[in-house]
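In the working numbering, the protein residues as written are 1 to 114.
Using N, Cα and C, we set each Cβ at its ideal position, and we do this for glycine too.
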């Protein structure tokens, strides 16, 4: 049994999708996507905020590596989100079901920061 969802993609494509979803959530505060992608991306959003709360150099480098060297976003995570979620022990995101997509009936959800 896998501990993650493969999303019917190759590893490099799956990593790129999850990185993009994570960046969108952290930049805009929310993103609309399918339920399976949102559940998988949620792990990475929470991990990035946890890195920000740690605040050390290793965490900053791990965040930079995952977010494709987006220095402004990493600065935002470490300066804003780390302070906002300082008292929160985890669970920085929520998933709200929006309905089914017309073409293939895939469940569309909104992944947003709490």
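What separation, rounded to the nearest whole angstrom, lies between the Cα atoms of residue i and residue j?
i: residue 42; j: residue 98; result: 17 Å
i: residue 67; j: residue 74; result: 8 Å
i: residue 17; j: residue 37; result: 9 Å
i: residue 114; j: residue 10; result: 31 Å
i: residue 92; j: residue 103; result: 31 Å
i: residue 8; j: residue 14; result: 8 Å
i: residue 62; j: residue 111; result: 22 Å
i: residue 101; j: residue 44; result: 24 Å
i: residue 32; j: residue 109; result: 6 Å
i: residue 69; j: residue 47; result: 16 Å
i: residue 24; j: residue 30; result: 7 Å
i: residue 87; j: residue 81; result: 11 Å
i: residue 105; j: residue 20; result: 23 Å
i: residue 1; j: residue 12; result: Residue confidence is low: residue 1 scores 47 on pLDDT, short of 50, so the model does not pin down where it sits. Its coordinate-derived value is still stated next. Spanning the two alpha carbons is a distance of roughly 21 Å.
i: residue 65; j: residue 39; result: 21 Å
i: residue 5; j: residue 54; result: 27 Å
Got a sec, what are the start and stop residues for the beta strand (DSSP E) residue i sits in?
i: residue 52; result: Looking at the DSSP string, residue 52 is not in any beta strand (DSSP E); the run it does join, the alpha helix (DSSP H), is 35–54.
i: residue 110; result: 107–113
The alpha helix (DSSP H) spanning residue i covers which residue range?
i: residue 97; result: That residue, residue 97, is in no alpha helix (DSSP H); its beta strand (DSSP E) goes 93–100.
i: residue 24; result: 11–28
Since residue i and residue j should fall inside the 8 Å C-beta cutoff, what is the C-beta to C-beta distance between them, to a whole number of angstroms?
i: residue 49; j: residue 77; result: 7 Å
Where are the beta strand (DSSP E) runs, 3 residues long or more, that stay fully inside the stretch 58–87, in chain order? The stretch 58–87 contains no whole beta strand (DSSP E) run of 3 or more residues.
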